[in-house]
Amino acid sequence: MRRLILLRHAKSDRPAGVADHERQLNDRGRRAAPAVGAHLAEAGIKPDLALVSTATRTQETWQAVAAALGTPEMRSHREIYEAPAERILGVIRGAPDTARTVIVVGHNPGLGDLATALAGAGPRKERTRLATEFPTAAYAVIDFDTADWSAIGPGQGRLERFVRPRDIDPDLGG
1 MRRLILLRHA KSDRPAGVAD HERQLNDRGR RAAPAVGAHL AEAGIKPDLA LVSTATRTQE
61 TWQAVAAALG TPEMRSHREI YEAPAERILG VIRGAPDTAR TVIVVGHNPG LGDLATALAG
121 AGPRKERTRL ATEFPTAAYA VIDFDTADWS AIGPGQGRLE RFVRPRDIDP DLGG
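If you read the sequence shown in UniProt numbering, its first letter stands for residue 1, the second for the next number, and so on.
Structure representation (structure tokens):
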């Protein structure tokens with residue numbers, strides 16, 4: 001079995017004169033990211049490998065989340081930055097098979113599109129909610145009955161859970 005966690009970066013600012021790639025988390029994002037990390041840790045969901053977009057906001061999100069998860073290996077991937085679902089899937093398929101659980105920290109719409117495409121099974125209500133929204137700092141956990149990452153594809157996963165920041169704490173919004 002393989003477990004994939006798709007995590008959208010936490011809320012960021014859009015200051016004038018700052019390139020999109022360099023945008024930082026805002027106050028809400030700096031509160032939500034560690035809460036998400038703690039929520040994952042409490043659920044016993046700990047990745048072996050993190051594949052993280054090179055954007056500042058995804059790197060900051062991962063650092064805050066990782067603080068609660070120990071020290072999984074992290075690899076930065078420019079290919080995940082603002083990528084469509086197919087490109088993100090290509091990065092995931094290249095993950096080493098020694099990693100049983102992989103987390104991808106990226107951006108919408110690609111990340112949400114990928115989660116929706118991969119989750120062919122699981123609670124219908126959760127899959128519908130996932131297809132409707134994938135807010136900042138939300139994550140989806142999708143399980144695959146396969147021995148290697150290169151074999152995963154659309155419709156093959158089972159949505160185990162979909163969590164938005166406001167599901168953890170209503171004050172986190174998102």
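Ideal Cβ placement from N, Cα and C applies to all residues, glycine included. What you are looking at is a predicted structure, and each value in this text was computed from that prediction instead of being measured.
Alpha carbon to alpha carbon, how far is residue i from residue j?
| i | j | result |
| --- | --- | --- |
| residue 115 | residue 157 | 9 Å |
| residue 76 | residue 52 | 5 Å |
| residue 147 | residue 100 | 9 Å |
| residue 35 | residue 48 | 20 Å |
| residue 71 | residue 91 | 21 Å |
| residue 194 | residue 154 | Since the first residue of the chain shown is 1 and the last is 174, residue 194 is not available in this structure. |
| residue 31 | residue 127 | 26 Å |
| residue 145 | residue 33 | 29 Å |
| residue 172 | residue 37 | 14 Å |
Starting from residue i, trace the beta strand (DSSP E) both ways and give me its first and last residue.
| i | result |
| --- | --- |
| residue 73 | 73-77 |
Does the beta-carbon of residue i have 16 or more other beta-carbons within 10 angstroms, so that it is buried, or is it exposed?
| i | result |
| --- | --- |
| residue 86 | exposed |
| residue 28 | buried |
| residue 16 | exposed |
| residue 110 | buried |
| residue 65 | buried |
| residue 160 | buried |
| residue 19 | exposed |
| residue 143 | buried |
| residue 23 | buried |
| residue 151 | exposed |
| residue 112 | buried |
| residue 122 | buried |
Let's see if you can read the secondary structure: which residues bound the alpha helix (DSSP H) around residue i?
| i | result |
| --- | --- |
| residue 118 | 110-118 |
| residue 42 | 27-42 |
| residue 153 | Looking at the DSSP string, residue 153 is not in any alpha helix (DSSP H), and its letter there is neither H nor E. |
| residue 66 | 56-66 |
| residue 93 | 85-93 |
| residue 131 | 124-132 |
Who does residue i pair with in a DSSP beta bridge?
| i | result |
| --- | --- |
| residue 50 | 74, 103 |
| residue 2 | 144 |
| residue 69 | Answer is none; residue 69 lacks a bridge partner. |
| residue 121 | 158 |
Verify the contact flag: residue i, CB atom, against every heavy atom of the ligand COA, threshold strictly below 7 Å.
| i | result |
| --- | --- |
| residue 161 | Inclusion of the ligand COA in the displayed structure is not the case, the ligand content being empty and no account of it being possible. |
contact_flag[the stretch 2-15, the stretch 58-66] where n(CB pairs < 8 Å) is 3 or more: yes
Touch test, the stretch 76-89 against the stretch 35-43, Cβ-Cβ under 8 Å, three pairs minimum: no
The stretch 130-143 / the stretch 154-171 touching (three or more Cβ pairs under 8 Å): yes
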